[in-house]
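Residue numbers (this note's numbering), protein chains in the order written: chain A, 1 to 175; chain B, 1 to 277. The next block holds one structure in the form of structure tokens; read it before the comments.
Here it is as structure tokens:
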């Protein structure tokens, strides 16, 4: 966990942090889906939309768990990363217009692993019993997500022969 | 500064429905995120913000934002923005440009905008290449960068925008990296709040024509010293750094440009005379 990562001093803080992590993940996958749509890679559009939907479900679950508490508003106050990014944010800089579903799932796996590590560390440092309880649940959730990514990666192996060697529209200055 | 506190907006409130057409992996996506986060942090509402740009990949940014925007003439964004700020000082005016638009076609405007010190924030997304037009060398391209369009490289010494900004009178100078959108947003907030002309160079990789720039994320680092208010010292530092020092490098204290107070026209006949050529 980076030094600037938000701290969960209370249960509502942890709800807010977990919410923000998922909300950021939704934003990133949606951006990536839009990018792939603009660059005519329909298979990746579907993959990133599905990933965004999955993170959205998790985000909404967190809201439901928090009951009437306005998690989004609280997240705006306490769940801010001022130096790094929240752990489940996919790396936009790693995107490429010819990327494959396997590449996308590798990106998702890395994000889920960062989230798992984050919540594990938070659990290890938590003092409040309620925070510990929720952190443990979140660790279990993220463990499940990591396992899901591994299963999906088996279903979508790297393309035989790797990524297409010939870019059909190479940048002129590298031609 | 022209920012005012208002009912809170979220970063997403500053995004338009237009989907960016930048290449996947382009650093400009992160800069767009940094803009929206910075405006949310500043508490300025979309109708209190104007983003002005010139031409190039980075200059597409006003289309992707939900605020006032002006996607203008190549290299002339600073002229438009200065005029806008002078007649609408209540607006937060941010100018977006790239190294081609800002340092080549708009190079002269850059010098004089620094000198005039109008209360603007100038953000240049620098990728050391003309990306939109397929990879010609820009003023910041390394002299030995070898491509089919410039075999063997240009052999020309690169432009040093930070030093030029300092020498020309910019009142705030910073360098950011697009891959750190949270830090970039923080720098933008500071730049907007600082009175006068603020210049923020954002290293923003072009993954299509400069795939080598994907490695920038491993090269950037925080500047080892705090910002100074001594322009000469700041210039010496940036002349000798490795080009990857990030953070606020200079905070000046020149008063921002204030137009001479003109006589307010309250009479229609007088206004009509003003229109006479």
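Backbone N, C-alpha and C fix where the C-beta goes; we use that ideal spot for every residue, glycine too. All values reported here derive from a predicted model rather than from experimental measurement.
Residue i versus residue j - alpha carbon distance
i, j, result
"residue 230/B", "residue 197/B", "16 angstroms"
"residue 68/A", "residue 53/B", "43 angstroms"
"residue 135/B", "residue 144/A", "44 angstroms"
"residue 33/A", "residue 117/A", "26 angstroms"
"residue 5/A", "residue 115/A", "12 angstroms"
"residue 2/B", "residue 193/B", "Reliability fails at residue 2/B, whose pLDDT of 48 lies under 50, so the model's placement of it is uncertain and the value that follows must be treated cautiously. When rounded, the distance between both Cα atoms is 8 angstroms."
"residue 228/A", "residue 18/A", "This structure leaves residue 228/A out entirely; chain A is present only between 1 and 175."
"residue 250/B", "residue 61/A", "46 angstroms"
"residue 246/B", "residue 209/B", "23 angstroms"
"residue 152/A", "residue 52/A", "15 angstroms"
"residue 122/B", "residue 97/A", "30 angstroms"
"residue 143/B", "residue 10/B", "43 angstroms"
"residue 92/B", "residue 275/B", "29 angstroms"
"residue 195/B", "residue 30/B", "25 angstroms"
"residue 11/A", "residue 109/A", "27 angstroms"
"residue 150/A", "residue 88/B", "55 angstroms"
"residue 12/B", "residue 152/B", "44 angstroms"
"residue 79/A", "residue 21/A", "8 angstroms"
"residue 161/B", "residue 161/A", "44 angstroms"
"residue 126/A", "residue 221/B", "31 angstroms"
"residue 217/B", "residue 179/B", "7 angstroms"
"residue 101/A", "residue 128/A", "41 angstroms"
"residue 244/B", "residue 119/A", "32 angstroms"
"residue 148/B", "residue 120/B", "38 angstroms"
"residue 83/B", "residue 107/B", "18 angstroms"
"residue 260/B", "residue 115/B", "17 angstroms"
"residue 32/B", "residue 15/B", "9 angstroms"
"residue 165/B", "residue 105/B", "16 angstroms"
"residue 255/B", "residue 238/B", "24 angstroms"
Contact with chain A by residue i, beta-carbon distance below 9 angstroms
i, result
"residue 57/B", "no"
"residue 6/B", "Any reading at residue 6/B must be qualified, since the residue scores a pLDDT of 49, below 50, and its modelled position is unreliable; no value is offered."
"residue 254/B", "no"
"residue 1/B", "Caution applies to residue 1/B, whose pLDDT of 43 falls short of 50 and renders its modelled position unreliable; the value that the coordinates give is listed next. Not closer than 9 angstroms to any Cβ of chain A, the Cβ of residue 1/B fails to qualify, so no."
Interface residues of chain A facing residue i [CB-CB closer than 9 angstroms]
i, result
"residue 297/B", "Here chain B covers residues 1 to 277 and nothing more, so residue 297/B does not appear."
Closer than 9 angstroms to chain B by CB, residue i
i, result
"residue 32/A", "yes"
"residue 58/A", "no"
"residue 37/A", "yes"
"residue 27/A", "yes"
9 angstroms Cβ cutoff met for residue i and residue j
i, j, result
"residue 117/B", "residue 257/B", "yes"
"residue 23/B", "residue 46/B", "no"
"residue 38/B", "residue 81/B", "no"
"residue 75/A", "residue 8/A", "no"
"residue 48/A", "residue 36/A", "yes"
"residue 77/B", "residue 112/B", "no"
"residue 248/B", "residue 172/B", "yes"
"residue 145/B", "residue 139/B", "no"
"residue 25/B", "residue 43/A", "no"
"residue 112/A", "residue 146/A", "yes"
"residue 89/A", "residue 28/A", "yes"
"residue 41/A", "residue 107/A", "no"
"residue 203/B", "residue 27/B", "yes"
"residue 71/A", "residue 16/A", "yes"
"residue 75/B", "residue 102/B", "yes"
"residue 232/B", "residue 199/B", "no"
"residue 181/B", "residue 63/B", "no"
"residue 129/B", "residue 100/B", "yes"
"residue 141/B", "residue 154/B", "yes"
"residue 201/B", "residue 175/B", "yes"
"residue 41/B", "residue 262/B", "no"
Proximal chain A residues relative to residue i, where beta-carbon distance stays under 8 angstroms
i, result
"residue 205/B", "93"
Proximity test, residue i beta-carbon vs the ligand MG heavy atom, cut-off 8 angstroms
i, result
"residue 124/B", "As far as ligands go, the structure on display features none, and thus does not contain the ligand MG."
At a Cβ cut of 9 angstroms, what residues of the stretch 170-187 of chain B count as close to chain A, listed as they run along the chain?
Answer in chain order: 178, 179, 180, 181, 182, 183, 185 and 186.
Residues of the stretch 81-107 of chain A whose Cβ lies closer than 8 angstroms to any Cβ of chain B, in chain order
Using a CB distance below 8 angstroms, the part of the stretch 81-107 of chain A facing chain B consists of 81, 82, 83, 84, 85, 92, 93, 94, 95, 96, 97 and 99, ordered along the chain.
Mind listing which residues of the stretch 20-35 of chain B have their C-beta closer than 8 angstroms to chain A's C-betas, in chain order?
20, 21, 22, 23, 24, 25, 27, 29 and 30
Under 8 angstroms (Cβ pairs) to chain A, residues found in the stretch 213-229 of chain B:
Correct list: 214 and 217.
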